[in-house]
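Protein sequence lines, in the order shown, are assigned to chains A and B. Just so you know, the first sequence maps onto residues 1 to 239 in the UniProt record's numbering. Just so you know, the second sequence maps onto residues 1 to 239 in the UniProt record's numbering. Data first, discussion second: the structure below is written as structure tokens.
Number of protein chains: 2
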Amino acid sequence: MMATRDIPDFERPLTTVDVVIFTVLDGQLQVLLVRRPDGPEEPFPNAWALPGGFVDVRLDDSLESCARRKLLDKTGVQSPYLEQLGSWGSKSRDPRGWSATHAYFALLPADAVQLKQEEGKFAQWHPVNEPPPGQPLAFDHADILQAALERLRSKVEYTSLPAFLLPEPFTLPQLQKVYEIVLGRPVDKSGFRTRALAAGFLDEQGLLDVGSPRPAMGYRLKDRAAAVYFPRPFSPRSS
Amino acid sequence: MMATRDIPDFERPLTTVDVVIFTVLDGQLQVLLVRRPDGPEEPFPNAWALPGGFVDVRLDDSLESCARRKLLDKTGVQSPYLEQLGSWGSKSRDPRGWSATHAYFALLPADAVQLKQEEGKFAQWHPVNEPPPGQPLAFDHADILQAALERLRSKVEYTSLPAFLLPEPFTLPQLQKVYEIVLGRPVDKSGFRTRALAAGFLDEQGLLDVGSPRPAMGYRLKDRAAAVYFPRPFSPRSS
DNA sequence: CGAATAGTGTCTTTCAGACATTATGCC
DNA sequence: GGCATAATGTCTGAAAGACACTATTCG
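Shown next as structure tokens:
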């Protein structure tokens, strides 16, 4: 390595933040995408992309606050579950120059979201299993989305993450459904209930009538800031 | 969010990469630290710091190749186990300005390292349990080191990561020792052997005499590039 | 009273942890 | 042959998965 003695005089990389925002809507896991602006000088004009953009050193105190700002702008949600996913940086990922993006992923209940339509820019939910129509995602956002999905699916096996996708209060059958949606496979009811309750992240909120024949107990999270880790992962018995 | 239509005209954050390099030496988990340069304009002069520095857009194709370059510079090691840890960015972490660092962590066998002493800059191994003498670590490197330790200790519970800390070939008792060093607790021999062998990441290399009364089977990794995940974590029986 | 969903009980099998035992090589 | 370490065997208890059963509400 050469001089760290001083700030280097060569070009600084571009610094951006992107947020992968998940929710469950219509029984599917969905991700929020925005359309890139049109224009001859724009990278990936009109393509769908993850919400994000440049770090603004005048507005943002930190990477995380930058991510929260973008999240608030797009969804109106103040404090969803938010975790850092990783960073992607190379000289080729953005045609405008050497760029590094810091990716976050967020989980929130669909009903909390007020999609903002500003200046002809559309934010829209897309099922993660159906690629958005038209061109592929802008930049390396397909890679980032893929990584976010893998992280989510892997953590769902042993954490309370899916609870952040539901509006409160929710019932255990509803929560189980979300686990099944994210995992893509059925989950045993009895085992699920035992584990979820034993993990101790739920507070009872009284019976809840959700339209099914028999009302079920409503629950809310004890702590909407942090996920809870189960001692062992869910796993179908390997025969 | 405002204009992503164009590259913003305000200041760009500084972009750096730091590497947390672990090895096992003298029966302890150790981390490689370097001394910050001295000088009136230097941030944290003379303090110990993680090896790292600015991304050089002329030299580095990507964040990872930047990390590998710094690793090679400091240790001479070409391809250790390397994984991204996360990023830390804020306006206050570096007195020189808004800065974002991309942290990686690397595992390597101590004997592979040729510590380079250049221009009076010292790279030196430090046991992770003993804070280095003098001032605290530069920047937020104590936080980063802490995060790396947590990541390592957590992954050791259910992956083959410790194998990357040993020179090949190694024996199972040696490997078990490394697990115990990183975990900070004893591990049952029988269970360890069963799990390690069942995980299928080892290749037999013939008997190895390591000075103990009875020679033990030597092993090497089938794949030095990737860690293997165990189906279930190690865990002492919770009585 | 029947249908549909909520919630509980029970059985079985797996498997990790604990610990005892055997195997091997060296002095 | 004894000692130290390597390697394997055995037992047991905990717990997860599978599935059957009971409970509750509504029409």
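By construction, the Cβ of each residue, glycine as well, lies at the ideal position given by its N, Cα and C atoms. Note that the structure is a prediction, hence the values are computed from the model and not measured.
CA-to-CA distance, residue j to residue i, given in whole angstroms
i, j, result
"Gly120 of chain A", "Asp143 of chain A", "With a pLDDT of 48 at Gly120 of chain A, under the threshold of 50, the predicted position of this residue should be treated as unreliable, though the coordinate-derived value follows. Approximately 26 Å, taken between the alpha carbons."
"Leu197 of chain B", "Tyr229 of chain B", "12 Å"
"Asp18 of chain B", "Asp188 of chain B", "36 Å"
"Glu157 of chain B", "Gly39 of chain A", "51 Å"
"Ile21 of chain B", "Glu64 of chain B", "14 Å"
"Arg36 of chain A", "Phe139 of chain A", "11 Å"
"Glu41 of chain B", "Leu85 of chain A", "34 Å"
"Leu202 of chain A", "Ala163 of chain A", "9 Å"
"Trp48 of chain B", "Ala100 of chain A", "27 Å"
"Tyr81 of chain B", "Arg151 of chain A", "20 Å"
"Gly184 of chain B", "Ser92 of chain B", "34 Å"
"Ser79 of chain A", "Ala67 of chain A", "11 Å"
"Leu207 of chain B", "Leu107 of chain B", "25 Å"
"Leu149 of chain A", "Ser87 of chain A", "15 Å"
"Phe176 of chain B", "Gly27 of chain B", "The sequence shown places Gln at residue 176 of chain B, not Phe. So the alpha carbons of these two residues sit roughly 12 Å apart."
"Tyr219 of chain A", "Thr75 of chain A", "25 Å"
"Pro8 of chain A", "Pro133 of chain B", "30 Å"
"Asp61 of chain A", "Val55 of chain A", "9 Å"
"Ile181 of chain B", "Thr159 of chain B", "15 Å"
"Arg96 of chain A", "Glu11 of chain A", "12 Å"
"Val34 of chain B", "Ser90 of chain A", "26 Å"
"Val178 of chain A", "Asp94 of chain B", "42 Å"
"Phe44 of chain A", "Ala147 of chain A", "21 Å"
"Arg153 of chain A", "Asn46 of chain B", "44 Å"
"Arg193 of chain B", "Arg58 of chain A", "56 Å"
"Arg214 of chain A", "Ala103 of chain B", "52 Å"
"Asp209 of chain B", "Pro231 of chain B", "32 Å"
"Glu204 of chain A", "Glu83 of chain A", "26 Å"
"Gly211 of chain B", "Lys155 of chain A", "43 Å"
"Leu137 of chain B", "Val77 of chain B", "24 Å"
"Lys70 of chain B", "His141 of chain A", "27 Å"
"Leu115 of chain A", "Gln135 of chain A", "23 Å"
"Ala123 of chain B", "Ser190 of chain B", "39 Å"
For residue i, three-class secondary structure by DSSP
i, result
"Ala49 of chain B", "strand"
"Ser65 of chain B", "helix"
"Glu83 of chain A", "strand"
"Ala106 of chain A", "strand"
"Ser92 of chain A", "coil"
"Leu72 of chain B", "helix"
"Ala100 of chain B", "strand"
"Met2 of chain B", "Confidence at Met2 of chain B is low in this model, with a pLDDT of 43, below 50, so its placement is unreliable and no value can be given for it."
"Ala138 of chain B", "coil"
"Val77 of chain B", "coil"
"Leu14 of chain A", "strand"
"Gln28 of chain A", "strand"
"Arg58 of chain A", "coil"
"residue 283 of chain A", "Look at the range of chain A in this structure, 1 to 239, and you will see that residue 283 of chain A is not part of it."
"Ile7 of chain B", "coil"
"Ala123 of chain B", "strand"
"Arg220 of chain A", "strand"
"Val228 of chain A", "coil"
"Arg36 of chain B", "coil"
"Val19 of chain A", "strand"
"Glu157 of chain B", "coil"
"Glu150 of chain B", "helix"
"Pro233 of chain B", "coil"
Nearest-angstrom beta carbon gap, residue j and residue i [assumed within contact, 8 Å]
i, j, result
"Trp125 of chain A", "Thr23 of chain A", "7 Å"
"Pro173 of chain A", "Ala216 of chain A", "6 Å"
"Val31 of chain A", "Val113 of chain A", "Not confirmed; about 12 Å, so no contact."
"Leu50 of chain A", "Leu145 of chain A", "7 Å"
"Thr16 of chain B", "Gly52 of chain B", "6 Å"
Any non-hydrogen atom of the ligand NAD closer than 7 Å to residue i Cβ
i, result
"Leu202 of chain A", "Only the bare structure without any ligand can be found here, which leaves the ligand NAD out of the picture."
Next on the checklist: If we require 3 or more residues per run, which beta strand (DSSP E) segments fall completely within the region 159 to 215 of chain B?
Outcome noted: Within the region 159 to 215 of chain B, the complete beta strand (DSSP E) runs of at least 3 residues are 202 to 208.
Next on the checklist: For the region 168 to 176 of chain B against the region 218 to 227 of chain B, do three or more pairs of beta-carbon atoms, one drawn from each stretch, fall closer than 8 Å, so that the two count as touching?
Outcome noted: Taking a cut-off of 8 Å on C-beta distances, the region 168 to 176 of chain B touches the region 218 to 227 of chain B, as three or more cross pairs fall below it.
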